[in-house]
Amino acid sequence: MAPKKAKKNAESMNSRLKLVMKSGKAILGYKATVKSLRRTKSKLILISSNCPPLRKSELEYLAMLAKTPVHHYTGDNSALGTACGKFFNCSVVSVLDGGDSDILTVKE
Numbered sequence: 007m008a009p010k011k012a013k014k015n016a017e018s019m020n021s022r023l024k025l026v027m028k029s030g031k032a033i034l035g036y037k038a039t040v041k042s043l044r045r046t047k048s049k050l051i052l053i054s055s056n057c058p059p060l061r062k063s064e065l066e067y068l069a070m071l072a073k074t075p076v077h078h079y080t081g082d083n084s085a086l087g088t089a090c091g092k093f094f095n096c097s098v099v100s101v102l103d104g105g106d107s108d109i110l111t112v113k114e
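Reading the sequence shown from the start, the letters are residues 7 to 114 in the working numbering.
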């Protein structure tokens with residue numbers, strides 16, 4: 007029963023992320039995310055499952071300082087890039103504006 011629920015959560019996060027990319031504003035990549043965290047522009051950070059541990063802990067620390075929620079994405083960086091509608095890998099996504107999506111209000 008647990009894997010089915012995890013798959014459903016991943017699919018709902020993918021659809022929310024797709025809606026953010028279409029109607030809201032999001033930036034992809036580590037450097038741009040760190041810049042947005044330092045300027046406290048980010049509303050939500052998504053980190054892929056295979057992001058390096060040192061990078062992951064640095065992002066979590068900066069997000070804690072900026073009071074920004076962090077979501078650990080269940081898929082790897084290629085799945086996260088595909089969910090964003092891009093044809094390349096992406097280990098970190100920063101949501102600046104949710105748009106029509108409810109990605110900022112739903113806690114999973």
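Ideal Cβ placement from N, Cα and C applies to all residues, glycine included.
Practice task
Could you name the residues of the same chain whose beta carbon sits closer than 8 angstroms to that of Asn-56, not counting the 5 residues immediately before and after it, in chain order?
Solution key: Along the sequence shown, read from residue 1 onward, the residue named residue 56 stands at position 50. So the qualifying residues of the chain are Asp-82, Asn-83 and Ser-97.
Problem - Neighbourhood of Pro-75 by C-beta distance below 6 angstroms, restricted to the same chain and skipping five residues each side - result: Along the sequence shown, read from residue 1 onward, the residue named residue 75 stands at position 69. Here the set comprises Leu-50.
Exercise for the section: Excluding the 5 residues preceding and the 5 following Cys-90 in the sequence, name in chain order all residues of the same chain whose CB lies nearer than 8 angstroms to its CB. Expected result: For the purposes of this step, residue 90 is identified with residue 84 of the sequence shown, where counting begins at 1. Leu-23, Lys-24, Met-27, Ala-32, Leu-34, Cys-96 and Val-99.
Handout entry: Assigned secondary structure, Ala-89 (DSSP; H/G/I helix, E/B strand, else coil)
Key = For the purposes of this step, residue 89 is identified with residue 83 of the sequence shown, where counting begins at 1. Reduced to three states, the DSSP call for Ala-89 is helix.
Practice task
State yes or no: is the C-beta of Leu-102 within less than 8 angstroms of the C-beta of Ser-42?
Solution key: The residue labelled residue 102 in the question sits at position 96 within the sequence shown. The residue labelled residue 42 in the question sits at position 36 within the sequence shown. In contact: Leu-102 and Ser-42 (Cβ atoms closer than 8 angstroms).
Problem - Integer-rounded CB distance, given that Leu-65 should sit under 8 angstroms from Thr-39 - result: On the sequence shown, position 33 is the one that residue 39 refers to. On the sequence shown, position 59 is the one that residue 65 refers to. 7 angstroms between Cβ atoms; contact.
Problem - Residue nearest to Asp-108 in terms of C-alpha spacing, selected from His-78, Arg-45 and Ser-21 - result: For the purposes of this step, residue 108 is taken as residue 102 along the sequence shown, with counting starting at 1. For Asp-108, the nearest C-alpha among the options comes from Ser-21.
Practice task
Mark Met-7 as exposed unless 16 or more other C-beta atoms lie within 10 angstroms of its C-beta, in which case mark it buried.
Solution key: Numbered from its first residue, the sequence shown carries residue 7 at position 1. Low confidence applies to Met-7: its pLDDT is 47, below 50, so where it sits in the model is not reliable enough to give any reading.
Problem - Of the residues Ser-54, Ser-63 and Pro-58, the one placed nearest His-77, counting alpha carbons only - result: For the purposes of this step, residue 77 is taken as the residue at position 71 of the sequence shown. Closest option to His-77, Cα to Cα, is Ser-54.
Problem - Leu-132, DSSP secondary structure in three states - result: The question about residue 132 has no answer, for the chain in this structure spans 7 to 114.
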